[in-house]
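Comments concern the structure below.
Chains as they are written, first to last, in our numbering: chain D, 6 to 299; chain E, 2 to 284.
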């Protein structure tokens with residue numbers, strides 16, 4: 006690990022440089038190995054173990070957990086639910102984020118940074134707090150129901166519901182979509198649209214055949230960045246969805262902490278399958294975009 | 002950036018302005034969508050309404066109650082302490098690693114690069130569960146060997162937070178090292194400075210904005226983290242996000258509005274501070 010490339014250096018100097026490198030790397034690398042690599046290895050080992058009657062882990066080696074994960078309706082439903090909600094959130098973020106990013110790119114240069122910064126500020130604040138704010142707004146006696154009553158409509162049960170979860174997820178992840186779209190759009194050459202209209206294309210044609218394909222890397226990057234945290238989260242679906250909306254994150258949380266008894270081996274297997282599925286998506290994305298498009 | 006108006010020249014100026022107006026209106030609505038919840042939250046931390054969801058008059062009561070809520074205050078203190086220790090440890094380790102990654106060519110560098118990105122890209126819940134499994138597993142081994150029973154507490158949270166913050170510090174510090182003029186170090190060496198002097202007197206002062214940027218990022222990440230804290234904190238310790246989550250699950254209260262507002266204000270102060278540091282660094 007610690008061989009230096011410039012072999013022309015005198016031996017003494019090379020050894021000193023090697024010692025310095027070891028000193029620089031050792032603390033951080035050691036920490037990452039102990040508190041990141043080894044924990045993942047333990048999860049891997051757990052995923053082949055069996056659950057005991059009181060929630061302990063019984064060391065065996067079998068693929069039972071993986072079989073359960075792919076065989077039971079309960080889990081299958083959670084995957085499809087997560088997938089559907091993840092996709093809905095991604096599409097909504099794209100529909101809201103694309104025009105917003107376009108607006109920011111087309112804005113007066115002196116306002117551009119401010120407009121972008123305004124998108125990012127809420128994103129830097131606590132996710133839990135932001136989700137909680139929606140509980141206030143959507144609550145039974147909250148603002149939206151107040152407005153509805155004022156307009157003469159009946160109160161609605163706005164949360165817990167799947168709609169509330171979607172709102173919370175879009176709210177929490179929108180900046181992830183806007184940032185890469187902004188990067189993509191600010192590199193887009195708008196004179197190409199002019200060329201398109203010279204060729205007789207109308208607005209939609211020019212969008213679909215020129216702007217959309219050329220900003221596709223930004224769209225893909227934004228979608229990956231929104232989809233991953235959405236599927237794995239459990240806070241929004243827990244707080245805004247009640248027990249009604251069950252996503253992968255909720256399932257994981259239950260398997261580790263709440264079910265009676267907890268089933269860590271099964272939870273470990275699920276966490277790993279989830280991680281590899283997402284890594285696969287990320288690799289697909291990296292293979293389809295070049296370095297400077299990212 | 003090229004003005005959009007040229008692109009619609011042949012279509013006619015009118016459609017272009019309509020399009021731009023629609024975009025503008027959409028942007029306004031989106032900004033309202035982004036900020037309305039924040040405004041509502043702050044506003045309702047001052048409402049007299051005991052459910053905290055409607056405006057019935059101004060009061061400071063909830064903040065007074067909050068400061069008298071010892072459980073919440075202890076949780077806040079713990080959270081700040083975790084963030085502080087995490088920041089110091091992660092910044093030192095991350096800065097050293099960033100220097101190693103940018104300055105040296107060594108076998109395994111590519112693999113280490115990938116390892117450093119992993120904590121950023123893997124789902125936070127997977128890392129949290131892995132840490133929970135790790136602590137439980139290693140505490141079990143320690144108990145069977147020494148007979149000492151260890152429990153998760155504030156230190157297990159700190160160890161976990163450091164593990165996910167290091168990578169972020171490395172990314173930020175590496176970015177500041179990329180624009181670094183190597184000749185300054187060479188000049189110092191030519192003038193007879195030993196590597197230690199060069200590090201303390203030349204390299205570190207020059208990359209300081211990056212180091213401070215990384216530290217502020219680590220502090221914010223640790224302060225705001227809920228998922229990893231939730232899984233790695235033992236039952237005996239209280240952390241602010243975990244405490245807030247527990248109470249929110251039971252009911253919406255104005256006291257939660259107040260503590261949430263304070264958390265918002267703190268996060269925003271930190272963003273502006275980090276922007277300020279970056280501005281100064283770019284000058």
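Where is the CB? At the ideal position from N, CA and C, for every residue including glycine.
Touching by the beta-carbon criterion (3+ pairs, under 8 Å), the segment 226 to 246 of chain D and the segment 202 to 215 of chain D: no
Residues that DSSP places opposite residue 48(E) in a beta bridge: 59(E)
What do you reckon, is the C-beta of residue 123(E) under 7 Å from a heavy atom of the ligand FMN? Here there are no bound small molecules, and the ligand FMN is not part of this structure.
Can you give me the C-alpha to C-alpha distance between residue 172(D) and residue 60(E), rounded to a whole angstrom? Going by the C-alpha atoms only, they are around 30 Å apart.
Can you tell me whether residue 122(D) is buried or exposed? The criterion is at least 16 other CB atoms within 10 Å of its CB, across all chains shown. By the 10 Å Cβ count, residue 122(D) comes out exposed.
Quick one: grab the DSSP three-state call for residue 47(D). In this structure, DSSP gives residue 47(D) a helical state, which the three-state scheme calls helix.
I'd like to know if the segment 141 to 150 of chain E and the segment 68 to 83 of chain E are in contact, where contact means that at least 3 CB-CB pairs between them fall below 8 Å. Between the segment 141 to 150 of chain E and the segment 68 to 83 of chain E, the count of C-beta pairs closer than 8 Å stays below three; the two stretches do not touch.
Could you tell me which of 73(D), 222(D), 188(D), 179(D) sits nearest to residue 102(D), measuring between CA atoms? 179(D)
Please list the residues of the segment 24 to 43 of chain E that have a C-beta atom closer than 8 Å to any C-beta atom in chain D, keeping them in chain order. So the list reads 24, 25, 27, 28, 31, 32, 34, 35, 36, 37, 38, 39, 41, 42, given in the order they occur along the chain.
On the three-pair Cβ rule with 8 Å, is the segment 119 to 135 of chain D touching the segment 28 to 41 of chain E? The segment 119 to 135 of chain D, when compared against the segment 28 to 41 of chain E, does touch it at the 8 Å Cβ threshold.
For residue 130(E), I'd like the list of residues in its chain whose CB is within less than 8 Å of its CB, leaving aside the five on either flank, ordered along the chain. 232
Interface residues of the segment 230 to 262 of chain D facing chain E [CB-CB below 8 Å]: If the cut-off is 8 Å between Cβ atoms, the segment 230 to 262 of chain D has 233, 234, 236, 237, 238, 239, 240, 243, 244, 254, 257, 258, 261, 262 near chain E.
Per-residue contacts from residue 280(D) into chain E (C-beta, under 8 Å): 123, 124, 127
Any chance the segment 99 to 117 of chain E sits against the segment 61 to 81 of chain D, with 3 or more Cβ pairs inside 8 Å? Touching, no.
Residue(s) in a DSSP beta bridge with residue 55(D): Within the DSSP secondary-structure output, residue 55(D) pairs in a beta bridge with 63(D).
Between residue 116(E) and chain D, is any beta-carbon pair separated by less than 8 Å? yes
Whole angstroms are fine: how far does the CA of residue 217(E) sit from the CA of residue 188(E)? Looking at the two C-alpha atoms, the distance is approximately 31 Å.
On the three-state DSSP scale, how would you describe residue 8(E)? Confidence at residue 8(E) is low in this model, with a pLDDT of 41, below 50, so the placement of that residue should be treated as unreliable; the coordinate-derived value is given next. Of the three classes helix, strand and coil, the one that applies to residue 8(E) here is helix, per DSSP.
Pull up the distance between the alpha-carbon of residue 11(E) and that of residue 212(D), whole angstroms please. Note that residue 11(E) has pLDDT 36, beneath the 50 cutoff, so the model's placement of it is unreliable and no number is given.
May I ask you to list, following chain order, the residues of the segment 70 to 92 of chain E that have a beta carbon less than 9 Å from some beta carbon of chain D? Result list: 90, 91.
Mind listing which residues of the segment 142 to 163 of chain E have their C-beta closer than 9 Å to chain D's C-betas, in chain order? Residues passing the 9 Å Cβ filter: 160, 161, 163.
If contact means a Cβ-Cβ distance below 9 Å, which residues of the segment 203 to 225 of chain E contact chain D? 221, 224, 225
Can you list, in chain order, the stretches of the alpha helix (DSSP H) that have 4 or more residues and sit fully within the segment 253 to 287 of chain D? You should have 253 to 258.
Would you mind stating whether residue 148(D) and residue 41(E) have Cβ atoms separated by less than 8 Å? yes
Residue 130(D) CB to nearest chain E CB: under 8 Å? yes
Do you know whose CA, among 88(D), 96(D), 201(D), lies nearest residue 176(D)'s CA? 96(D)
Alpha helix (DSSP H) runs wholly inside the segment 181 to 242 of chain E, at least 4 long, in chain order: 183 to 191, 196 to 199, 205 to 225, 228 to 233
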